[in-house]
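Asks: Quick one: the structure is below, and I'll ask about it shortly.
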C-alpha cells in the first residue's frame, strides 16, 4: 500500500488567493520536493527533525472527511 508522509491536517480559513476568507481543510505534505520560488516554508526543505505521520489513502480521506463539514475545498500543500 502506498503511504503519504503528512506533517499536519487541519481546518482553517484560507488567507490568500482566490479563496481568501473561505473555510478549507489543509493537508500539508512532509518535505515537498518541488522547490517553488514562492514557497512559504522554505526552512522545511531537507529538515529531517520535523515530525510526520504516514497515511494510507483511506485513512487520509477519513481525516479530511472528519474536518470537511462547512468547508469550501481542500488545499494540498507541501513544506
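In my numbering, the protein residues as written are 1343 to 1421. Cβ coordinates follow ideal geometry from the N, Cα and C atoms, glycine included.
Which runs of the alpha helix (DSSP H) spanning at least 4 residues fall entirely within the stretch 1361–1415, listed in chain order?
Replies: Listed in chain order, the complete alpha helix (DSSP H) runs (minimum 4 residues) inside the stretch 1361–1415 are 1399–1409.
Asks: For residue 1362 and residue 1375, I'd like the C-alpha separation in whole angstroms.
Replies: Linking residue 1362 to residue 1375 through their CA atoms gives a straight-line distance of about 26 Å.
Asks: Check residue 1331 in the structure and name its three-state DSSP category.
Replies: This structure cannot settle anything about residue 1331, because the visible part of the chain is limited to 1343 through 1421.
Asks: Based on the DSSP output, what are the partners of residue 1351 in its beta bridges?
Replies: 1369
Asks: For residue 1294, which residues from the same chain have a beta carbon less than 8 Å from its beta carbon, with the 5 sequence-adjacent residues on both sides left out?
Replies: Residue 1294 lies beyond the stretch modelled for the chain, which goes from 1343 to 1421, so this question has no answer here.
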